[in-house]
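Student: Residue numbers (this note's numbering), protein chains in the order written: chain A, 1078 to 1642; chain B, 122 to 343.
Take this structure first; my questions come after.
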Amino acid sequence: MSSPSPSPTTTPAVPVEPKNYLNCETGVRSWLLTRDHKRIGLMFLACVTAALFLGGLFAMLIRIELLTPDETIMSAQTYNRMFTLHGVVMIFLFMIPAIPSGFGNFVLPMMIGAEDVAFPRLNLASWYIYLAGAAFALWGMVHGGADTGWTFYTPYSTTTFTKVVPILLGAFIIGFSSIATGINFIVTVHTMRGPGLTWNKLPLFVWSIYATSIIQVLATPILGITVLLTAIEHAFGFGIFDPAHGGDPVLFQHMFWFYSHPAVYIMVLPAMAVMSEIVPTFARKNIFGYKAIAYSSVGIALVGFFAWGHHLFTSGQSTFNAGVFGVISMIVGVFTAIKVFNWVGTLYKGRIRFSTPFAYFCGFIYLLVFGGMTGVALATVSLDVHWQDTYFVIAHFHFIMVGATLMAFLAALHYWFPKMFGRTYSEGWGLVAASLIILGFNATFIPQFLLGNAGMPRRYWSYPAEFQALNVASTAGASLLAFGFLTILVYLTIALFYGEKVGRNPWGSRGYEWNSPSPPPKHNFDSPQVFDHPPHDYDSEGHEPEMQTEVHGGTEVHGDDGAKR
Amino acid sequence: MAEHVEAHEHGHEEHHPRLQHHFQDMRTQQHAARLGMWLFLATEILLFGGLFCAYSYYRTLFPEAWKECSKHLNRPFGLLETFDLITSSFTMVLAIHFTRIGNRKLSVLMLLATATMGFGFLGLHGYEYYHEWLEGALPGKYYHFEEVTATGAPMFYAVYFLMTGLHSAHVFIGGVVLLVLTYLTAKGNYDASYDHPLDLGGLYWHLVDLIWIFLFPLLYLV
């Protein structure tokens, strides 16, 4: 706090729109040089949304190609590039930064009552690093692409003639953006919590993002050195991963998955973070098992580091190692189940309001449970040998990692949209789009479970004719999904400009970030925050939160609970 | 909520000019900066960790090559480089000490000495690389080193060049950081009340030094 704030209750009713973070400064320059975590969050959201549509375009092209057993619209070589680019764009440009760098940046400082993250300049730098990495990767895509799959397995990736080096360097650079965000959040949570906000009062979103940040900081450097080595190997032939020079390609797999397995928790822990906010808000009930949810996030982060070997069951790993990695992988399932039970426990006897974010929660919990159970099945070594590299694995990770993250991304977008822009969207269209997305997602990937179980291998351009019916079903589902996304794009764009204006707390949430006006002022709150109640607290005496849908100025009640005390 | 405003207004009397608006006081700001630096150092260790992994894996596979190739590295030079870096860590500590007791001149001198030793290290190591280049020990497709015949010798040199190369890149970055800090110290930016940029630069420099302390025995003294 740089200066004492004037008492907020004396604000007169004035017709002019109050200054907020969006209109306090204008012009492109004020955005490109901003250090405001909210603006940086929005810039990240714009970029990851563009990446989502680009990756989605690649996905649609893959699905169209697979409509027929042989060539439909592209050659086998183009197909190989398509699935590689789909994976690279979706993982490195969309899923990893989407929730932490986008929504995390926007709401995390507000949730702990801070004016900004600990290192605002580093925060802006992380956006530029992301852009630089994306530029490298896109340059490589335009000039030849890569055909290795997003996993870049050696020795193929070190010998292919396609442009793997710029794409690898793109991934290397984006890694630093991820590290910068992780460091920033850890330090922010440690040093910038508002008065009275102890660790056990932190909103569950913060706990989960904190756990994510630990993984980002500790795992990403390993990816950095791995892709750097692969790029060096491709360019100079050092032979570290090349059997011809005495190197070992399995070492690459170990190093790659030491990052890339924890990376799936970089994607799914933020999804769990979002859901832990949405469940109590829309059930209007205290979160059940706060500590269990909080600590299980940290548990997933720690155990997730020791599960990477389940990607190498068929790579010549000893049976004993495979068994150990299998069991460790299942422990992740235990932590996830703890969360699921607690969320469901929160819903029990709650007063559920079935709004758009809650619809996505329903999709999320279904995908998480079924994706998770197929995960436990895949962690069983004897079963995995049958499913290794089939569409069963594809469907599994699209359910748990992609599905859960996507549901959470859309839920977060709808949940915090009013906070970000001070306007709301059409609830009817929101529910329509949510149904399209959830149905489309299932229609896309349930056939793939069946295809994989029947033995269809992943990454193949052609397939036996008996697989065609299920492939057509999957493509039909994908077009439903695409249609859902376009619907969202249309109504949210309209809402951005013409949506109905809302007050500070349209959902009646107890989350601390809703104490700020919508959209928030530049330094987040119009009065200093005091954290005298636990997060997600809906039933303490005198703490019944009001829905505040009225617009700024005029009659708005400041500090909904404060006024009642 | 107005009654809470006063309770929150602490630390406004001694408002340090370097205090950023979003921190409540100088101590928190410095704590945050140090914590951030330690986390960054952890990422550095893990970055090298991948290479240490490769090192131990291939050393187990090719123990003979490791023994023989290690003898072909220039041990006296390696020792000299080790002394050079350890001494530079000492002068770095002295630089911070002199800033804290207000002796700017000596602090600048010590920082310059540290940077010089850093770039000196690069010179010494460059000389080693030059010799290895002449011998044909550059890894990958340039490798044509005849003297060592043990299986896996090219792998030793690949690992050696990757580890020392990544380390030298860090020494170079550290050297540049030190020069910037020297300039800022000479300009009078730091004093006893505000010295944590020096502290952070020092932490980074010590890490670079520490990694070399592991690299030297692992590569030169097999």
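We treat Cβ as the ideally placed atom computed from N, Cα and C, and that holds for glycine.
Please tell me whether residue 274 of chain B and residue 266 of chain B are closer than 8 Å, where the distance is taken between their beta carbons.
Tutor: As a working mapping, residue 274 of chain B is identified with position 153 in the second sequence. As a working mapping, residue 266 of chain B is identified with position 145 in the second sequence. Yes. Within cutoff.
Student: Please confirm whether residue 1113 of chain A has its beta-carbon closer than 8 Å to some beta-carbon of chain B.
Tutor: Residue mapping note: residue 1113 of chain A aligns to position 36 of the first sequence, counting from 1. Judged by the 8 Å Cβ criterion, residue 1113 of chain A is not in contact with chain B.
Student: So does the stretch 1193 to 1207 of chain A actually touch the stretch 1255 to 1265 of chain A, counting three or more Cβ pairs closer than 8 Å?
Tutor: Judged by Cβ distances under 8 Å, the stretch 1193 to 1207 of chain A makes contact with the stretch 1255 to 1265 of chain A, as three or more pairs qualify.
Student: Smallest Cα separation from residue 1166 of chain A: which of A:1137, A:1140, A:1215, A:1409?
Tutor: As a position in the first sequence, residue 1166 of chain A is number 89, starting the count at 1. Nearest C-alpha to residue 1166 of chain A: A:1215.
Student: Please determine if the stretch 1502 to 1522 of chain A and the stretch 1546 to 1564 of chain A are in contact, where contact requires at least 3 C-beta pairs separated by less than 8 Å.
Tutor: Touching, per the Cβ criterion.
Student: For the stretch 1333 to 1410 of chain A, list the beta strand (DSSP E) runs that are entirely contained and at least 3 residues long, ordered along the chain.
Tutor: None, since the stretch 1333 to 1410 of chain A contains no complete beta strand (DSSP E) of that length.
Student: Within its chain, find whatever has a CB closer than 7 Å to the CB of residue 1141 of chain A; leave out the 5 residues flanking it on each side and keep chain order.
Tutor: If you number the first sequence from 1, residue 1141 of chain A lands on position 64. Contacts found: 1149, 1150, 1552.
Student: Looking at the C-beta of residue 1260 of chain A, does it have a partner C-beta in chain B at a distance below 8 Å?
Tutor: What you label residue 1260 of chain A is simply residue 183 of the first sequence in a count that begins at 1. Residue 1260 of chain A counts as touching chain B.
Student: Name the chain B residues that come within less than 9 Å of residue 1332 of chain A, Cβ to Cβ?
Tutor: Within the first sequence, residue 1332 of chain A is the residue found at index 255, counting from 1. In chain order: 171, 174, 175.
Student: Any C-beta of chain B sitting closer than 8 Å to the C-beta of residue 1411 of chain A?
Tutor: Within the first sequence, the letter at position 334 stands for residue 1411 of chain A. No - not a single Cβ of chain B is within 8 Å of the one on residue 1411 of chain A.
Student: Here's a check: name, in chain order, each residue in its chain whose Cβ is nearer than 7 Å to the Cβ of residue 1530 of chain A, leaving out the five neighbours to either side.
Tutor: Position 453 of the first sequence, counted from the first residue, corresponds to residue 1530 of chain A. Once the five neighbours on either side are set aside, the close Cβ partners of residue 1530 of chain A are 1469.
Student: Which chain A residues sit within Cβ distance under 7 Å of residue 168 of chain B?
Tutor: Position 47 of the second sequence holds residue 168 of chain B. Those are 1298, 1301, 1302, listed as they occur along chain A.
Student: Is the beta carbon of residue 1329 of chain A sitting closer than 8 Å to the one on residue 1231 of chain A?
Tutor: The residue you call residue 1329 of chain A lines up with position 252 of the first sequence. The residue you call residue 1231 of chain A lines up with position 154 of the first sequence. Yes. Within cutoff.
Student: What does the alpha-carbon distance come out to for the pair residue 1526 of chain A and residue 1545 of chain A?
Tutor: Taking the first sequence and counting its residues from 1, one reaches residue 1526 of chain A at position 449. Taking the first sequence and counting its residues from 1, one reaches residue 1545 of chain A at position 468. About 14 Å.
Student: Straight-line CA distance for residue 1123 of chain A to residue 1278 of chain A?
Tutor: Locating residue 1123 of chain A in the first sequence gives position 46, where the first residue counts as 1. Locating residue 1278 of chain A in the first sequence gives position 201, where the first residue counts as 1. Rounded to the nearest angstrom, the two C-alpha atoms are 31 Å apart.
Student: Among A:1383, A:1608, A:1501, which has the Cα closest to the Cα of residue 1574 of chain A?
Tutor: Here residue 1574 of chain A refers to the residue found at position 497 of the first sequence. Residue A:1501 is the option with its Cα nearest to residue 1574 of chain A.
Student: In chain A, what lies closer than 9 Å to residue 156 of chain B by C-beta?
Tutor: Here residue 156 of chain B refers to the residue found at position 35 when the second sequence is read from its first residue. Those within 9 Å of residue 156 of chain B in chain A are 1195, 1260, 1263, 1264, 1267, 1268.
Student: Need the endpoints of the alpha helix (DSSP H) that residue 1101 of chain A sits in, please.
Tutor: For this step, residue 1101 of chain A is matched to residue 24 along the first sequence. Neither: residue 1101 of chain A is in no alpha helix (DSSP H) and is coded neither H nor E.
Student: At the level of alpha carbons, what is the spacing between residue 1447 of chain A and residue 1325 of chain A?
Tutor: Reading the first sequence from its first residue, position 370 is the one you call residue 1447 of chain A. Reading the first sequence from its first residue, position 248 is the one you call residue 1325 of chain A. Each residue's alpha carbon lies about 36 Å from the other.
Student: When burial is assigned at 16 or more other CB atoms within 10 Å of the CB, is residue 1464 of chain A buried or exposed?
Tutor: Here residue 1464 of chain A is taken as the residue at index 387 of the first sequence, counted from 1. Answer is buried; the Cβ neighbour count reaches 16.
Student: Roughly how many whole angstroms lie between the Cα atoms of residue 167 of chain B and residue 1417 of chain A?
Tutor: Position 46 of the second sequence holds residue 167 of chain B. Position 340 of the first sequence holds residue 1417 of chain A. C-alpha separation (whole angstroms): 33 Å.
Student: State yes or no: is the beta carbon of residue 1649 of chain A nearer than 8 Å to at least one beta carbon in chain B?
Tutor: In the structure displayed, chain A extends from 1078 to 1642; residue 1649 of chain A sits before or after that span and is not available.
Student: Is the stretch 1375 to 1390 of chain A touching the stretch 1424 to 1435 of chain A in the sense that three or more CB pairs, one from each, lie closer than 8 Å?
Tutor: These segments do not touch.
Student: Say whether the stretch 1099 to 1109 of chain A touches the stretch 1172 to 1183 of chain A, bearing in mind that this needs 3 or more beta-carbon pairs closer than 8 Å, one atom from each stretch.
Tutor: The stretch 1099 to 1109 of chain A, when compared against the stretch 1172 to 1183 of chain A, does not touch it at the 8 Å Cβ threshold.
Student: Note down, in chain order, all residues in the stretch 266 to 284 of chain B with a beta-carbon under 8 Å from any beta-carbon belonging to chain A.
Tutor: Residues 272, 273, 275, 276, 279, 280, 282, 283.
Student: Using 8 Å as the threshold, is the C-beta distance between residue 206 of chain B and residue 340 of chain B below it?
Tutor: The residue labelled residue 206 of chain B in the question sits at position 85 within the second sequence. The residue labelled residue 340 of chain B in the question sits at position 219 within the second sequence. No, the pair does not count as a contact, with Cβ atoms beyond the cut-off.
Student: Under 8 Å, do residue 1245 of chain A and residue 1341 of chain A count as touching if we go by C-beta distance?
Tutor: Position 168 of the first sequence, counted from the first residue, corresponds to residue 1245 of chain A. Position 264 of the first sequence, counted from the first residue, corresponds to residue 1341 of chain A. Contact flag unset, no.
Student: Would you tell me roughly how many angstroms separate the C-alpha atoms of residue 225 of chain B and residue 1287 of chain A, rounded to the nearest one?
Tutor: By 1-based counting over the second sequence, the position of residue 225 of chain B is 104. By 1-based counting over the first sequence, the position of residue 1287 of chain A is 210. So the alpha carbons of these two residues sit roughly 40 Å apart.
Student: Which of the residues in the stretch 250 to 261 of chain B, read from start to end, lie with their CB under 8 Å from any CB of chain A?
Tutor: Listed by position, the residues of the stretch 250 to 261 of chain B near chain A (Cβ gap below 8 Å) are 260, 261.
Student: Can the beta-carbon of residue 298 of chain B be found closer than 8 Å to that of residue 325 of chain B?
Tutor: The residue you call residue 298 of chain B lines up with position 177 of the second sequence. The residue you call residue 325 of chain B lines up with position 204 of the second sequence. The answer is yes: Cβ separation under 8 Å.
Student: Using 8 Å as the threshold, is the C-beta distance between residue 164 of chain B and residue 1268 of chain A below it?
Tutor: Indexing the second sequence from 1 puts residue 164 of chain B at position 43. Indexing the first sequence from 1 puts residue 1268 of chain A at position 191. The answer is no: Cβ separation not under 8 Å.
Student: Just the C-alpha distance for residue 1189 of chain A and residue 1588 of chain A, rounded to the nearest angstrom, thanks.
Tutor: Your numbering for residue 1189 of chain A matches position 112 in the first sequence. Your numbering for residue 1588 of chain A matches position 511 in the first sequence. Distance between the alpha carbons of residue 1189 of chain A and residue 1588 of chain A is about 10 Å.
Student: Applying the criterion that 16 or more other CB atoms from any shown protein chain within 10 Å of the CB defines a buried residue, is residue 1321 of chain A buried or exposed?
Tutor: Residue mapping note: residue 1321 of chain A aligns to position 244 of the first sequence, counting from 1. Classification of residue 1321 of chain A: exposed, given that the 10 Å Cβ count is below 16.
Student: Taking the alpha carbon of residue 1597 of chain A as the reference point, which residue from A:1192, A:1103, A:1163 has its own alpha carbon closest?
Tutor: Locating residue 1597 of chain A in the first sequence gives position 520, counting from the first residue. When each option's Cα is compared against that of residue 1597 of chain A, the closest is A:1192.
Student: Using the C-alpha atoms, what's the distance from residue 1134 of chain A back to residue 343 of chain B?
Tutor: Reading the second sequence from its first residue, position 222 is the one you call residue 343 of chain B. Reading the first sequence from its first residue, position 57 is the one you call residue 1134 of chain A. Rounded to the nearest angstrom, the two C-alpha atoms are 54 Å apart.
Student: On a Cα-Cα basis, can you pick out the residue from A:1387, A:1484, A:1184 that is closest to residue 1459 of chain A?
Tutor: Reading the first sequence from its first residue, position 382 is the one you call residue 1459 of chain A. Among A:1387, A:1484, A:1184, the Cα nearest to that of residue 1459 of chain A is on A:1387.
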